[in-house]
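Just below is one structure, and these are the notes that go with it.
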Amino acid sequence: MSAANHGIIVETAEGISIEASESARRLNALPSGSVFLSARGTVGLVTTNTIPCAINQSAYAFIPPEGKGPALRLAIESLVDRLRARAHGSTFSTITKQDLRESSIPDLNSAEVEDLCPVLNDLEELRIAKAKESRTLAATRDELLPLLMSGKITVADAEKRIAE
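And the structure:
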């Protein structure tokens, strides 16, 4: 989660087979658009996944109602400061289930939220597209820069490759 670019998970560091995922409930892949809240370590980090993925016991997962993922993410983000203030633990801070139960999340079925959801969903699509584009640009930079620095290719060579 901490490697999520702008709070968006577009890929995971590790994979899991379907068989392994189905072997234990906690390993089940959560659907795209789920919202995650880190409970330990980077306490209060909120992310959204764009691919099905599983999480470990250091985070909470929330599966939003259809079309309400961005609204749920924003609602959870609005609680983070209060949750961090309540986090406790002797070795490291932890957000507990009790902390979540005692927090109030706005009604996602209210007329106000319903009216906002189309706009929020459009903005979320743009946010995800920009995060993916940023990832692609970073990967391109990481691939080309060493080649340019070592002299293995020139800028003209790189431009020619792009044109092809």
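With the numbering used here, the residue at position 133 of the sequence shown is 133, and numbering never jumps.
Ideal Cβ placement from N, Cα and C applies to all residues, glycine included.
This structure is a prediction, so every number in the text was calculated from the model and none was measured.
In the three-state DSSP reduction, Ser78 falls in the helix class (H, G or I).
A direct Cα-Cα distance of roughly 12 Å separates Arg26 from Ser58. Around the beta carbon of Gly44, a 10 Å sphere encloses 16 or more other beta carbons of the protein chains shown; the residue is thus reported as buried. The residue from Arg73, Thr96, Ala71 and Leu72 with its alpha-carbon nearest to that of Leu83 is Thr96. For Leu37, the enclosing beta strand (DSSP E) stretches over residues Val35 to Ser38.
In the three-state DSSP reduction, Thr48 falls in the strand class (E or B). As the crow flies, the alpha-carbon of Leu116 is around 8 Å from that of Ala71.
Within the DSSP bridge table, the entry for Ile8 names Asn5 and Thr48 as partners. By a beta-carbon distance limit of 8 Å, Gly41 contacts Phe92. Their separation comes to about 7 Å. A Cβ-Cβ contact shorter than 8 Å links Asp107 with Val113.
Scanning the region 61 to 118 from its first residue to its last, the whole alpha helix (DSSP H) runs of 4-plus residues come out as 69 to 86 and 97 to 101. One Cα belongs to Glu143, the other to Ile153, and the distance between them is close to 11 Å. Counting the other CB atoms within 10 Å of its CB gives Thr48 a total of 16 or more, which places it among the buried residues. According to the DSSP assignment, Lys160 belongs to the alpha helix (DSSP H) that extends over Val155 to Ala163. Inclusion of Tyr60 and Leu74 in the CB contact set at 8 Å is not warranted, their separation being larger than that value.
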